[in-house]
Amino acid sequence: MISKPKILSDEMVAKIEALAPRYPNRRALTLPALHIVNAELRHVPLEAVVEIAEVLGLAPAEVQDTLTFYQFFHQEKPHGKVRAFVCRSVSCALRGGDHLLEHLCHAHGIQPYGTTPDGELTIEPAECLGACDFAPCILANDDLLENMTPEAAEAELKKPRARAT
Amino acid sequence: MKPFKPVLLEAVGVPDGHTIASYKSRGGYAPLEKVLAEKQPADVVEMVKSSGLRGRGGAGFSTGLKWTFLPKDHPGPIYLCVNADESEPGTFNNRILMEDDPHQVIEGIILSSYATRASTAYIYLRYEYPRSWHRLQGAIDEAYAAGYLGKNIRGSNFSLDIYLHRGAAAYICGEETGLIESLEGKRAWPRIKPPFPAIEGLFRKPTVVNNVETMACVAQIARRGVEWFKSIGVPADPNNPRDPGSYGPKLYCLSGHVEKPGCYEAPLGITARELIDGFGGGVWKGRKAKAVIPGGISMGLMTESELDTPLDFAGPGKVGCLGLGTAAVVVIDDHTSIVDFLHNSCRFFAHESCGQCTPCREGTSWSLRMLERIKAGKGRLKDLDILLEIGQTMGMMPGSTICGLADGAAWPIKNAIKKFRGEFEDYIRRTNPSGWMVTDPVPALQIVGAH
Chain G
1 MISKPKILSD EMVAKIEALA PRYPNRRALT LPALHIVNAE LRHVPLEAVV
51 EIAEVLGLAP AEVQDTLTFY QFFHQEKPHG KVRAFVCRSV SCALRGGDHL
101 LEHLCHAHGI QPYGTTPDGE LTIEPAECLG ACDFAPCILA NDDLLENMTP
151 EAAEAELKKP RARAT
Chain X
1001 MKPFKPVLLE AVGVPDGHTI ASYKSRGGYA PLEKVLAEKQ PADVVEMVKS
1051 SGLRGRGGAG FSTGLKWTFL PKDHPGPIYL CVNADESEPG TFNNRILMED
1101 DPHQVIEGII LSSYATRAST AYIYLRYEYP RSWHRLQGAI DEAYAAGYLG
1151 KNIRGSNFSL DIYLHRGAAA YICGEETGLI ESLEGKRAWP RIKPPFPAIE
1201 GLFRKPTVVN NVETMACVAQ IARRGVEWFK SIGVPADPNN PRDPGSYGPK
1251 LYCLSGHVEK PGCYEAPLGI TARELIDGFG GGVWKGRKAK AVIPGGISMG
1301 LMTESELDTP LDFAGPGKVG CLGLGTAAVV VIDDHTSIVD FLHNSCRFFA
1351 HESCGQCTPC REGTSWSLRM LERIKAGKGR LKDLDILLEI GQTMGMMPGS
1401 TICGLADGAA WPIKNAIKKF RGEFEDYIRR TNPSGWMVTD PVPALQIVGA
1451 H
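Note that the protein sequences, when read in sequence, are chains G and X. Using my numbering, you'd call the opening residue of the first sequence number 1 and step up by one each time. Using my numbering, you'd call the opening residue of the second sequence number 1001 and step up by one each time.
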């Protein structure tokens, strides 16, 4: 018998179940489920992994295995309300991407992958964001910030932003 | 350079070009209706096969031929996976197609599903494209409402559902069997082939994996015809029976040190120089190019003197590059250190190696550690030989890995050192005057995290 989840809300479970008819088995719901939980909680704690596994009928280790592979889902604590991916791949690097990342981390007093103490902002290096026509660029939640200078990026990342979908 | 009117990009800059009304006003979905009413799936396979269309995702394999590998009379289900995990550094044409003309992609998916008898198509979309996600979902909803998706489409007995599936920022998911594993909810470790996906793919069923731009080409071939498609590009080399030719328009992504970066449509076979000067406004700041990536970072480097190479499927290989890849052309100017370039490339592949095959996992991380050390002024000439040895021993071509990621990691190393060895040697001698000649083992500077 499946116990009532504590971390996963009824809405999250309903969203996961709504996608179930799309796939011939429930394991394929792993990534969608992780995204659904992460969109709400801004991280996927181990307790949530166990509950996702229970909902999907999998071993927790199967879900955890997938989660850790991607290095995308934070597990220890939530990422910031704004999660900024700063591109460091070749096209952006040629136009100052590394410098941009360094400047932003310094300006906010955090290391790459770190979150500001107020929980507002996380800065992460990203590999190619596929927006090389706007290099250097940043993906902040759902917003693509194009042709960024360090100063412009600093100002942009102070703005409040809609949650990533 | 002959003027060429964009076809795949015709919706770019058109107000509301992403809507179904705009797409239909440009002639969209009429070809699909005609195909469903008049043609059998085998006719569509034959159409695409005879057009000479080669997959636009990087490998350049004949799309029609790939479809014929599916088992005949299979009871189903057969799956179509659309590879929208565009992650090759320098590449962004799929993003533009999905954002600006999603219905062109969807019509191509419906036609391809009809041809392959797939009743479910998954679009595996990389996480970093939220705008594409919304545009595609909006377009899928419109296509359902208009009766182009769902059960018994236009009374044809053909049914199709298209689902969007989102990735989680891993380059390896662009490898077709990595994509399949990821879609199944597992870590995206590529599979040993055979069996190829056409025989045993997604959920162990026959599966075709095609790129987004390939889907757009299928829609245009249905609309404009095989002869139109074959009239563009570079015909097969009559002296090479293994060359299937490079037909059709291609979306070239131009970025890096050019005046006007962007996605430009041109006939296959345009030279890198024509692209940079004709479309890109030349190398930025009036400088000269030192090196140019012909098709995404895994393809390696062309030198300035190699820029007249035609960017068709056969061209870049003739100057020692891996191939045309994604046709993402990245210009590196003569003020840039080739050491910095190679460091960036090695960092990318060390981060994105999936860790399954030891030669790739260790080779990419080792080469990054060596580049870190060289950059920090502790390089030795011997390192260049070790880097070359790593480059020559990891990958599918030497036969040491399951997928081609390691070949892609190796090519920039091999090309950079072979074509710019003098610059590497000068850098090492200059920055490490007391140690450049050392041949004894030296420690790495720092531990690099694995994926």
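For each residue, glycine too, the CB sits at the ideal point set by N, CA and C.
Under 8 Å by Cβ, that's how I've got residue i and residue j pegged, so tell me the actual separation to the nearest angstrom.
i: Phe1069 of chain X; j: Phe1196 of chain X; result: 6 Å
i: Leu1202 of chain X; j: Leu1183 of chain X; result: 6 Å
i: Trp1366 of chain X; j: Ile1390 of chain X; result: 6 Å
i: Asn1083 of chain X; j: Glu1176 of chain X; result: 7 Å
How is residue i classed by DSSP in three states: helix, strand or coil?
i: Val1029 of chain X; result: Here residue 1029 of chain X is Tyr; the residue named in the question, Val, does not match the sequence. Coil, per DSSP.
i: Arg1421 of chain X; result: helix
i: Met1047 of chain X; result: helix
i: Arg83 of chain G; result: strand
i: His1451 of chain X; result: Confidence in His1451 of chain X is poor, its pLDDT being 46 and thus under 50, which makes the residue's placement unreliable; the coordinate value appears in the next sentence. DSSP places His1451 of chain X in coil when its eight states are reduced to three.
i: Pro1316 of chain X; result: helix
i: Asp143 of chain G; result: strand
i: Val13 of chain G; result: helix
i: Met953 of chain X; result: The question about residue 953 of chain X has no answer here: the residues shown for chain X are numbered 1001 through 1451.
i: Thr1309 of chain X; result: coil
i: Thr165 of chain G; result: coil
i: Val1234 of chain X; result: strand
i: His35 of chain G; result: helix
i: Met1 of chain G; result: Reliability fails at Met1 of chain G, whose pLDDT of 49 lies under 50, so the model's placement of it is uncertain and the value that follows must be treated cautiously. Here Met1 of chain G sits in coil by DSSP.
i: Val1105 of chain X; result: helix
i: Pro1249 of chain X; result: strand
i: Gly1262 of chain X; result: strand
i: Arg1154 of chain X; result: helix
i: Ser1132 of chain X; result: helix
i: Met1437 of chain X; result: coil
i: Tyr1023 of chain X; result: helix
i: His1335 of chain X; result: coil
i: Thr1393 of chain X; result: helix
i: Asn1211 of chain X; result: strand
i: His1165 of chain X; result: strand
Check whether the Cβ atoms of residue i and residue j sit closer than 9 Å, and answer yes or no.
i: Cys1346 of chain X; j: Ser1400 of chain X; result: no
i: Arg166 of chain G; j: Thr116 of chain G; result: Residue 166 of chain G is absent from the model: chain G starts at 1 and stops at 165.
i: Pro1190 of chain X; j: Tyr1079 of chain X; result: no
i: Ala1216 of chain X; j: Val1105 of chain X; result: yes
i: Leu1324 of chain X; j: Ser1246 of chain X; result: yes
i: Pro5 of chain G; j: Glu51 of chain G; result: yes
i: Arg26 of chain G; j: Ala20 of chain G; result: yes
i: Gly1174 of chain X; j: Ser1087 of chain X; result: yes
i: Val1292 of chain X; j: Glu1304 of chain X; result: yes
i: Cys1321 of chain X; j: Asn1432 of chain X; result: no
i: Phe1348 of chain X; j: Pro1089 of chain X; result: yes
Decide if residue i is buried, meaning its Cβ has at least 16 other Cβ atoms within 10 Å, or exposed.
i: Lys1072 of chain X; result: exposed
i: Asn1157 of chain X; result: exposed
i: Gln1220 of chain X; result: buried
i: Ala1289 of chain X; result: buried
i: Ala61 of chain G; result: exposed
i: Arg42 of chain G; result: buried
i: Glu47 of chain G; result: exposed
i: Phe1424 of chain X; result: buried
i: Ser1025 of chain X; result: exposed
i: Gly1185 of chain X; result: buried
i: Ile1192 of chain X; result: exposed
i: Asn1240 of chain X; result: exposed
i: Pro1015 of chain X; result: exposed
i: Ser1434 of chain X; result: exposed
i: Ser1298 of chain X; result: buried
i: Phe1420 of chain X; result: buried
i: Asp10 of chain G; result: exposed
i: Ile1386 of chain X; result: exposed
i: Met1302 of chain X; result: buried
i: His1351 of chain X; result: buried
i: Phe1004 of chain X; result: exposed
i: His1451 of chain X; result: Bear in mind that the predicted position of His1451 of chain X carries a pLDDT of just 46, short of 50, making it unreliable; the figure below should be weighed with that in mind. Answer is buried; the Cβ neighbour count reaches 16.
For the ligand COA, is there a heavy atom less than 8 Å away from the beta-carbon of residue i?
i: Gly80 of chain G; result: Ligands are entirely absent from the displayed structure, and the ligand COA is therefore not among its contents.
Item checked: the stretch 1094-1111 of chain X touching the stretch 1002-1018 of chain X, judged by at least three CB pairs closer than 8 Å -> Flag = yes, the stretch 1094-1111 of chain X and the stretch 1002-1018 of chain X touch.
Checklist line | the stretch 1114-1133 of chain X contacting the stretch 152-159 of chain G, beta-carbon criterion three pairs below 8 Å | finding: Verdict: no, contact absent.
Check: Are the stretch 65-80 of chain G and the stretch 1300-1314 of chain X in contact at 8 Å, needing three or more beta carbon pairs?
Finding: At 8 Å Cβ cutoff, the stretches do not touch.
Note to self: Pairs of beta-carbons, one from the stretch 1028-1047 of chain X and one from the stretch 1118-1138 of chain X, closer than 8 Å: are there three or more?
What the structure shows: No, because fewer than three Cβ pairs between the stretch 1028-1047 of chain X and the stretch 1118-1138 of chain X fall closer than 8 Å, the two stretches do not touch.
Check: When the Cβ atoms of the stretch 1052-1067 of chain X are set against those of the stretch 104-120 of chain G, are three or more pairs found closer than 8 Å?
Finding: Contact between the stretch 1052-1067 of chain X and the stretch 104-120 of chain G is absent, with fewer than three C-beta pairs closer than 8 Å.
Check: If we count Cβ pairs, one from each stretch, closer than 8 Å, do we get three or more for the stretch 1222-1232 of chain X versus the stretch 1136-1154 of chain X?
Finding: Contact fails between the stretch 1222-1232 of chain X and the stretch 1136-1154 of chain X, because fewer than three Cβ pairs, one in each stretch, are under 8 Å apart.
Check: Taking contact to mean at least 3 C-beta pairs separated by less than 8 Å, is the stretch 1375-1389 of chain X in contact with the stretch 1314-1323 of chain X?
Finding: Put simply, the stretch 1375-1389 of chain X does not touch the stretch 1314-1323 of chain X. Fewer than three CB pairs are less than 8 Å apart.
Notebook entry, point to check: Would you call the stretch 1253-1268 of chain X and the stretch 1326-1342 of chain X in contact, with 3 or more CB pairs under 8 Å?
Noted result: Contact between the stretch 1253-1268 of chain X and the stretch 1326-1342 of chain X is present, because at least three Cβ pairs lie under 8 Å.
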